[in-house]
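Undergrad: Which chain is which? The protein sequence lines are A and B, in order. Counting in the numbering used here, the first sequence runs from 1 upward without gaps. Counting in the numbering used here, the second sequence runs from 167 upward without gaps.
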Amino acid sequence: MNEPPKEPVKYVDSHVRLPYHYVAGDYRATQLRAFKEKKILGSKCSKTGKVFIPPIVNSPESFAPCDEFVAVSDKGVVTTFCVVCIPVIGREIELPYVAASVALDGADISIFAAIQECKAADVRMGLRVEAVWKPEGERQGNHEDILYFRPTGEPDAPFESFIHRL
Amino acid sequence: MSQKLRNVAVVGFAQMPTVARDEHRMSTEMLYPVVREALAQVGVGRDAIDYQVSASTDYADGRPFGFVAALDVMGSWPPRQDLHLEMDGSFAAYYAWVKLQTGEVDTAIVCGHGKTSEGEPDRVYNLQLEPYYHAAMGLDPTSTSALQASAYMARAGVTDADLAAVAARNRTAGAKNPDAQLREAASAADLQKTPFKVSPLREGYLPQIGESATCLVLAAEGKAEKLCKHPAWVQGAHHIAEMQTLGARDLTKSASTVLAAKTALAMAGVGSAAEVDVIELLAQNPAAEMIVLDALGLDPKNPKPVVNPSGGAICADPIMSTGLVRLGEVFRQLSGSAGPRQVANAKRAIAHAAQGHALQQNIVWVLGTERRWS
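Here's what the structure looks like:
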């Protein structure tokens with residue numbers, strides 16, 4: 001009884017389980033549903049007219065409500081990018097791949113997207129790209145409905161046209 | 167307390183009515199209209215606010231650093247000084263008040279937000295306990311509260327009927343509060359018939375899971391009078407934390423409330439809690455309420471002054487906001503805007519809040535219609 005234990009306790013096993021059931025919110029739900037029709041929706045600031053993607057209830061910049069949904073194009077421009085050479089958590093993707101900020105036509109901020117169907121070395125700021133959607137009938141209304149973006153072959157967009165939409 | 171402090175007042179308060187689950191809005195989407203409403207109450211834009219503090223918990227949000235999302239809806243552009251607290255908004259308000267004391271800022275907003283319904287609060291609160299023993303045993307806030315209630319009832323000779331009476335008083339008051347979640351009055355006899363959740367606490371004595379978003383506006387003398395016709399001046403405030411280990415403290419008493427109240431009342435130049443006109447306190451069950459009243463030096467069975475005209479936490483317990491609502495309710499009482507739950511001629515009030523298992527930490531505010539320091 002008085003003898004110290006021969007083996008010290010090295011660790012205590014502790015399992016933490018915390019399930020969550022998130023509310024998407026009406027704004028995000030509206031956007032996700034529109035993916036089924038290959039539509040990308042943003043919300044428009046009632047004060048400055050800036051269009052945010054994904055749609056948000058207010059402009060963080062102007063603090064005014066964004067109370068109007070607007071459809072933006074599924075084509076846009078690469079505003080900045082990086083080449084990823086390390087495995088990505090939770091995603092099966094061939095390495096290296098290009099992760100880019102894409103400013104869609106009609107949107108005032110860019111979204112993040114993978115660029116495929118071209119060499120990483122060919123991706124550049126100003127490259128015109130378009131969304132590649134899952135085929136008809138397979139779209140579920142979630143972010144995987146857009147598989148990736150690929151070059152359109154159009155001439156590059158001038159730097160001044162996207163510098164404010166990085 | 168002879169030290170002269172800067173006069174600071176609550177000048178605005180807005181909240182989303184507490185609901186079981188808002189299916190249409192994320193946490194920040196609930197907060198945005200509340201911040202707008204609070205600023206509209208004081209008639210200024212976001213530019214007029216010098217400082218902000220938010221209260222939320224990442225464990226309830228289910229994402230690390232979740233509080234940064236609130237910056238987008240709090241009007242934080244151009245960039246401003248911000249502080250986040252993983253505690254109830256009442257404690258966040260204390261930090262804002264301290265910042266205002268430095269003289270660096272004249273105005274501040276304090277926000278509480280969190281969607282309690284998205285996670286499982288009992289699991290979250292379990293993790294708040296000491297991890298090797300208490301958490302591993304599976305204790306949740308209802309069981310730690312029940313341990314405390316049992317001990318208190320034995321010490322003070324309090325019965326199930328006494329608990330029912332306290333719950334019924336809150337429920338009857340809550341029926342007059344449009345922001346409360348439980349808005350149906352209930353008699354002590356009815357509540358005493360509800361089944362035990364964890365004995366000695368019955369379902370009818372406990373709050374339900376609910377969520378809200380809150381925003382309080384604080385301003386220093388010179389600004390406060392311009393922003394609000396009837397500012398509620400902070401006359402004293404103090405908060406005290408106790409040990410985490412449940413077995414190491416006397417659960418039948420709230421030593422931290424005693425100390426916090428003593429200092430806050432002395433700051434305010436008030437002899438005792440009985441001298442104020444209204445008290446809003448945060449107690450999530452009737453036994454906890456009686457323990458806090460006892461610590462304030464009041465009769466737990468027959469408290470005077472009026473306690474919880476809003477219905478208290480038993481009628482609405484939105485995580486991270488419940489304590490801030492107490493401050494907001496006291497502001498409404500002192501500014502004469504409490505509607506059907508208005509206490510006539512309320513000139514001075516106490517707003518209490520607690521955090522942690524079995525009243526581990528307590529804050530006591532004394533507010534009044536008059537400036538404390540001249």
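Note that CB positions come from ideal geometry on N, CA and C, so glycine has one too. Note that the coordinates shown come from a computational prediction; the quantities given were computed from them, not determined experimentally.
1. Can you find the residues in the same chain that come closer than 7 Å, C-beta to C-beta, to residue 555(B), ignoring five residues on each side of it along the sequence?
2. Between 509(B), 370(B) and 203(B), which has its C-alpha nearest residue 115(B)'s C-alpha?
3. Look at the Cβ atom of residue 478(B), then the Cβ atom of residue 339(B), and state whether they are nearer than 9 Å.
4. Within 10 angstroms of its Cβ, does residue 153(A) collect 16 or more other Cβ (buried), or is it exposed?
5. Could one say the Cβ of residue 164(A) lies closer than 9 Å to chain B's Cβ atoms, at least one of them?
6. With a threshold of 8 Å, are at least 3 pairs of Cβ atoms found where one atom belongs to the segment 463 to 472 of chain B and the other to the segment 142 to 152 of chain A?
7. Which residue wins for smallest C-alpha separation from residue 100(A), given the options 113(A), 144(A) and 109(A)?
8. Just to confirm the assignment: which complete alpha helix (DSSP H) runs, minimum length 4, are found wholly within the segment 423 to 504 of chain B?
9. Consult DSSP for residue 287(B) and reduce its assignment to one of helix, strand or coil.
10. Under the assumption that residue 23(A) contacts residue 192(B) (Cβ atoms under 8 Å), give the Cβ distance between them as a whole number of angstroms.
11. In chain D, which residues lie with their C-beta within 7 Å of the C-beta of residue 20(A)?
12. Is there at least one Cβ from chain A nearer than 9 Å to residue 222(B)'s Cβ?
13. Which residues share a DSSP beta bridge with residue 112(A)?
14. Can you find a C-beta in chain A that's less than 9 Å from the C-beta of residue 211(B)?
15. The alpha helix (DSSP H) that contains residue 27(A), what's its start and end?
16. Residue 80(A) by DSSP, collapsed to three states: which one?
17. Residues in the same chain with beta-carbon distance under 6 Å from residue 67(A), minus the five sequence neighbours each way, listed in chain order, please.
18. For residue 69(A), report the span of its beta strand (DSSP E) as first-last.
19. Alpha carbons only, please: which of 316(B), 352(B), 321(B) and 343(B) is nearest the one belonging to residue 332(B)?
20. Is DSSP giving residue 531(B) helix, strand or coil here?
21. If I follow the unbroken beta strand (DSSP E) through residue 43(A), where does it start and stop?
22. Can you confirm whether residue 182(B), when its beta carbon is compared against all beta carbons of chain A, has any partner nearer than 9 Å?
23. Does the CB of residue 302(B) have a neighbour CB from chain A at under 9 Å?
24. On the DSSP letters alone, give me the boundaries of the beta strand (DSSP E) that residue 151(A) sits inside.
TA: Once the coordinates are examined:
1. Only positions 167 to 540 of chain B appear in the structure, and residue 555(B) is not among them; the question remains open.
2. An answer regarding residue 115(B) cannot be provided, because it is not within the stretch 167 to 540 covered by chain B.
3. One-based indexing of the second sequence puts residue 478(B) at position 312. One-based indexing of the second sequence puts residue 339(B) at position 173. Closer than 9 Å, so yes.
4. Taking the first sequence and counting its residues from 1, one reaches residue 153(A) at position 153. With fewer than 16 other Cβ atoms within 10 Å, it is exposed.
5. Along the first sequence, read from residue 1 onward, the residue named residue 164(A) stands at position 164. Chain B, which has no Cβ nearer than 9 Å to the Cβ of residue 164(A), makes this no.
6. no
7. Within the first sequence, numbered from 1, the residue matching residue 100(A) stands at position 100. Nearest option by C-alpha distance: 113(A).
8. 452 to 461, 478 to 481 and 488 to 500
9. Locating residue 287(B) in the second sequence gives position 121, where the first residue counts as 1. Residue state, collapsed to three classes: helix.
10. Numbered from 1 along the first sequence, position 23 holds the residue referred to as residue 23(A). Numbered from 1 along the second sequence, position 26 holds the residue referred to as residue 192(B). Residue 23(A) to residue 192(B), Cβ: 6 Å. Contact.
11. This model lacks chain D altogether, as its protein chains are A and B.
12. Mapped onto the second sequence, residue 222(B) falls at position 56. Chain A contact via Cβ: absent.
13. Taking the first sequence and counting its residues from 1, one reaches residue 112(A) at position 112. Secondary-structure assignment with DSSP links residue 112(A) through a beta bridge to 101(A).
14. Here residue 211(B) refers to the residue found at position 45 of the second sequence. So yes, residue 211(B) belongs to the interface.
15. Sequence index remark: in the first sequence, residue 27(A) carries index 27 (1-based). Unbroken alpha helix (DSSP H) run through residue 27(A): 26 to 35.
16. Working through the first sequence from its first residue, we reach residue 80(A) at position 80. Reduced to three states, the DSSP call for residue 80(A) is strand.
17. In the first sequence, residue 67(A) corresponds to position 67, counting from 1. These residues qualify, in order along the chain: 46.
18. In the first sequence, counting from the first residue as 1, residue 69(A) sits at position 69. Element bounds for residue 69(A): 68 to 72.
19. Here residue 332(B) refers to the residue found at position 166 when the second sequence is read from its first residue. Measuring from the Cα of residue 332(B), the nearest candidate turns out to be 352(B).
20. For this step, residue 531(B) is matched to residue 365 along the second sequence. It is a strand residue.
21. The count along the first sequence starts at 1 and reaches residue 43(A) at position 43. 40 to 44 is the extent of the beta strand (DSSP E) around residue 43(A).
22. Stepping through the second sequence from its first residue, residue 182(B) is reached at position 16. Chain A contact via Cβ: absent.
23. Indexing the second sequence from 1 puts residue 302(B) at position 136. True, the Cβ-Cβ gap to chain A drops below 9 Å.
24. As a working note, residue 151(A) is residue 151 in the first sequence. Here the beta strand (DSSP E) through residue 151(A) covers 146 to 151.
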